[in-house]
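Asker:
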Amino acid sequence: MKDRRPLRTEDRWLLAIMGMFPYIEGRTMLQKFGMLSFYEVLKDEEFFDDWKAEKYGGFSTRLAASLRDLEASGYVRSDEAITARHDIVNRYSLTEAGRQEASGFREANLSKLEAIRRILSHYHSRPLRELLKDVYQRYPHLTANSKIIADVNRAADSGPYRGFESGDLPQSDQEAGIRAQVSAGQHVLGDMDFRRDLAESIGLRGVPDLDPRAFDRVGGLLSEQLGPGGFDARESVRDVRDW
Amino acid sequence: MVRKYYLDSNILLAVSAGPGKEPNQFRMSMGVLDQIRRGETIGVVSSLTLMEVITVLRVKKGREKSSLDSMRPDQQSEFVLRESKSMYDKLVTELMKLPNLKFEYGRRADVYSVMRDALAILHEIRGKVRPDGNSRFGGAGTVDVIHALLAKDMGCDELVTFDTGFEEMGGIDALESLKFRVLKW
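As given, the protein sequences belong to chains A and B, one line each in that order.
Going by my numbering, the letters in the first sequence line up with residues 1 to 243, in that order.
Going by my numbering, the letters in the second sequence line up with residues 244 to 428, in that order.
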């Protein structure tokens, strides 16, 4: 019998979530499933809340550590598999011991786990790029340090943001690792077509990079050109709408 | 969960006008921008909003009698268009640099359904006659309704504005998923 450390509540949530599927393919998908579970359902629960912006987007160090511990303790197993694109990936699944732990916890937390299942099931059988596209657009504050933003943007440009109701992105952690490094100042909200149109219409050579200092510049930017005297934005807009 | 705020044109104009014009509007609109800066919300700017910004700036420049009176008619048009575009270009350049700001044409709803819904919503608007003696009916109008439908189409949680005419739309079923945050002081 493996030497097991006591399970924390967040470990049990993770087991229950993993138990929803025969396996979860790749650490990236597992991290994003954890992120969705936290932000959409488990914010008030004892679940991994240390989400930081890392190189593939949101990442929880505690979830990663928990996964390692659960594998070492014999609750989770990982098996290498080869995808249709001939990448080697790790498939994480529960052992019998993990399933037993998950089963008891699931009975006590059915409604929240059902809410999580509805969200994650949408992505489990779909390409990783769809999951990345949606979480990048939904949690842009966790993309500041991402090295795969350009790839995510290309996928985002190909269609509207669909949330949970819906290029060549990396299909595995390994494939993501060989992508070119890109700057973190790139756009992640899937609006490049509009930005390109705007840039062209105002005579810019290209789409400007993001720059948080613009928040300080935009306040009062037009005050001088608006001329002396007051300017009531509310009434000015009302005037043109009432024509 | 990061919320999405549809920014009305009066918000963008109040920010760019600065604290010297209408201090309360500036303060409150910068508060919205600070939420966007902190990543608490995503600000959404529609093409309709930008169209209104251009129009307001044109109207503003078109009222500068002191500049226009000394010009020939053909020069006057040129002046208004050139000056207003310069201001618009300056503003849009900086807006495009703001993190957590999204530009949206709107992609999900088709023109047919937007226009059909807009007509139905407009019939539900009661408005009121203002008590200031102008006998001016006040209430959400055509463009307000289109803004609201665009905000809904873009998946926004709230439409943020200074215009009290939007308050009435909070009770309309077709816009149930959208909250209207009217900034007041």
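Think of the CB as a built atom: it goes at the ideal place given N, C-alpha and C, for glycine as much as any other residue.
Nothing here was measured: the structure is a model prediction, and the numbers come from that model.
For L30 (chain A), which residues in the same chain have their Cβ closer than 8 Å to its Cβ, ignoring the five residues on either side in sequence?
Answerer: Taking the first residue of the first sequence as position 1, residue 30 (chain A) is located at position 30. Listed in chain order, the non-local C-beta contacts of L30 (chain A) below 8 Å within the same chain comprise M18, I24, L63, L67, Y92, local neighbours out to five positions each way being set aside.
Asker: Taking Y139 (chain A) as the query, report the chain B residues whose CB atoms sit under 8 Å from its CB, ordered along the chain.
Answerer: Position 139 of the first sequence holds residue 139 (chain A). V245, listed in chain order.
Asker: Given I415 (chain B), which residues of its chain have a CB within under 7 Å of its CB, disregarding the five upstream and five downstream residues?
Answerer: Counting from one through the second sequence, the residue named residue 415 (chain B) turns up at place 172. Cβ within range, chain order: I364, E367.
Asker: So the alpha helix (DSSP H) Q269 (chain B) belongs to, where does it begin and stop?
Answerer: Taking the first residue of the second sequence as position 1, residue 269 (chain B) is located at position 26. In the sequence under discussion, the amino acid at residue 269 (chain B) is Phe, which differs from the Gln named in the question. Its alpha helix (DSSP H) spans residues 266 to 280.
Asker: List the whole-angstrom C-beta distance separating L344 (chain B) from G381 (chain B), where the pair is believed to meet the contact cut-off of C-beta under 8 Å.
Answerer: Here the question's residue 344 (chain B) lines up with position 101 in the second sequence. Here the question's residue 381 (chain B) lines up with position 138 in the second sequence. Not really, about 30 Å apart at Cβ, beyond 8 Å.
Asker: Out of B:T336, B:F405, B:G398, B:P262, state which residue places its alpha-carbon closest to the alpha-carbon of L418 (chain B).
Answerer: On the second sequence, position 175 is the one that residue 418 (chain B) refers to. The candidate whose alpha carbon is nearest that of L418 (chain B) is B:G398.
Asker: Using three-state DSSP, classify F347 (chain B) as helix, strand or coil.
Answerer: As a working mapping, residue 347 (chain B) is identified with position 104 in the second sequence. Here residue 347 (chain B) turns out to be Glu, not Phe, going by the sequence shown. If DSSP states are grouped into helix, strand and coil, E347 (chain B) belongs with the strands.
Asker: Within 10 angstroms of the Cβ of M358 (chain B), are there 16 or more other Cβ atoms? Answer buried if so, exposed if not.
Answerer: Mapped onto the second sequence, residue 358 (chain B) falls at position 115. M358 (chain B) comes out exposed.
Asker: Would you list, in chain order, the members of the stretch 225 to 242 of chain A that have their beta-carbon closer than 7 Å to a beta-carbon of chain B?
Answerer: Q225, L226, G227, G230, F231, D232, A233, R234, S236, V237, R238, D239, V240, R241, D242
Asker: According to DSSP, is E45 (chain A) part of a helix, a strand, or is it coil?
Answerer: Translated into the one-based positions of the first sequence, residue 45 (chain A) becomes position 45. Coil at E45 (chain A), not helix or strand.
Asker: DSSP state of I149 (chain A), grouped into three classes?
Answerer: If you number the first sequence from 1, residue 149 (chain A) lands on position 149. Helix at I149 (chain A).
Asker: Residues of the stretch 26 to 60 of chain A in Cβ contact with chain B at a cutoff of 9 Å, in chain order, please.
Answerer: Y39, E40, K43
Asker: Using Cβ-Cβ distances below 9 Å, what residues of the stretch 247 to 276 of chain B are close to chain A?
Answerer: D251, S252, N253, I254, L255, L256, A257, V258, S259, A260, G261, P262, G263, K264, E265, Q268, F269, S272, M273, L276
Asker: With DSSP collapsed to three states, give me the class of W428 (chain B).
Answerer: Mapped onto the second sequence, residue 428 (chain B) falls at position 185. In the structure shown, the three-state DSSP call for W428 (chain B) is coil.
Asker: Looking at the unbroken beta strand (DSSP E) that takes in A81 (chain A), where does it start and where does it end?
Answerer: Along the first sequence, read from residue 1 onward, the residue named residue 81 (chain A) stands at position 81. Here the beta strand (DSSP E) through A81 (chain A) covers 76 to 82.
Asker: Using C-beta distances below 8 Å, list every residue in its chain close to K248 (chain A), excluding the 5 sequence neighbours before and after it, in chain order.
Answerer: It is not possible to answer for residue 248 (chain A), since the shown part of chain A is limited to 1 through 243.
Asker: Please state if the CB of Y56 (chain A) and the CB of L15 (chain A) are separated by a distance shorter than 9 Å.
Answerer: Counted from its first residue, the first sequence places residue 15 (chain A) at position 15. Counted from its first residue, the first sequence places residue 56 (chain A) at position 56. In terms of Cβ geometry, L15 (chain A) and Y56 (chain A) do not form a close pair [threshold 9 Å].
Asker: In its own chain, which residues sit with a C-beta less than 7 Å from the C-beta of Y123 (chain A), not counting the 5 before and 5 after it?
Answerer: Residue mapping note: residue 123 (chain A) aligns to position 123 of the first sequence, counting from 1. Cβ neighbours of Y123 (chain A) beyond the five flanking positions: E130, L131.
Asker: According to the Cβ coordinates, are T284 (chain B) and D251 (chain B) closer than 9 Å?
Answerer: Position 41 of the second sequence, counting from 1, holds the residue named residue 284 (chain B). Position 8 of the second sequence, counting from 1, holds the residue named residue 251 (chain B). Taking 9 Å as the cut-off, the beta carbon of T284 (chain B) is found no closer than this to the beta carbon of D251 (chain B).
Asker: In chain A, which residues lie less than 7 Å from T298 (chain B) when you measure between Cβ atoms?
Answerer: Taking the first residue of the second sequence as 1, we reach residue 298 (chain B) at position 55. V240, listed in chain order.
Asker: Check whether the Cβ atoms of L207 (chain B) and V218 (chain A) sit closer than 9 Å, and answer yes or no.
Answerer: No answer is possible for residue 207 (chain B): the residues shown for chain B start at 244 and end at 428.
Asker: Can you give me the Cβ contacts of I82 (chain A) inside the same chain, cut-off strictly under 7 Å, excluding the 5 residues immediately before and after it?
Answerer: Indexing the first sequence from 1 puts residue 82 (chain A) at position 82. Within the same chain, I82 (chain A) has close Cβ partners I88.
Asker: Return the first residue and the last residue of the alpha helix (DSSP H) that G34 (chain A) is part of.
Answerer: Position 34 of the first sequence, counted from the first residue, corresponds to residue 34 (chain A). Start and end: 27 to 37.
Asker: How would you list, in chain order, the residues of chain A whose beta-carbon sits under 8 Å from the beta-carbon of E307 (chain B)?
Answerer: On the second sequence, position 64 is the one that residue 307 (chain B) refers to. G227, listed in chain order.
Asker: Please determine, among B:L338, B:R280, B:F409, the residue with the shortest C-alpha to C-alpha distance to R369 (chain B).
Answerer: For the purposes of this step, residue 369 (chain B) is identified with residue 126 of the second sequence, where counting begins at 1. Of B:L338, B:R280, B:F409, the residue nearest in Cα terms is B:F409.
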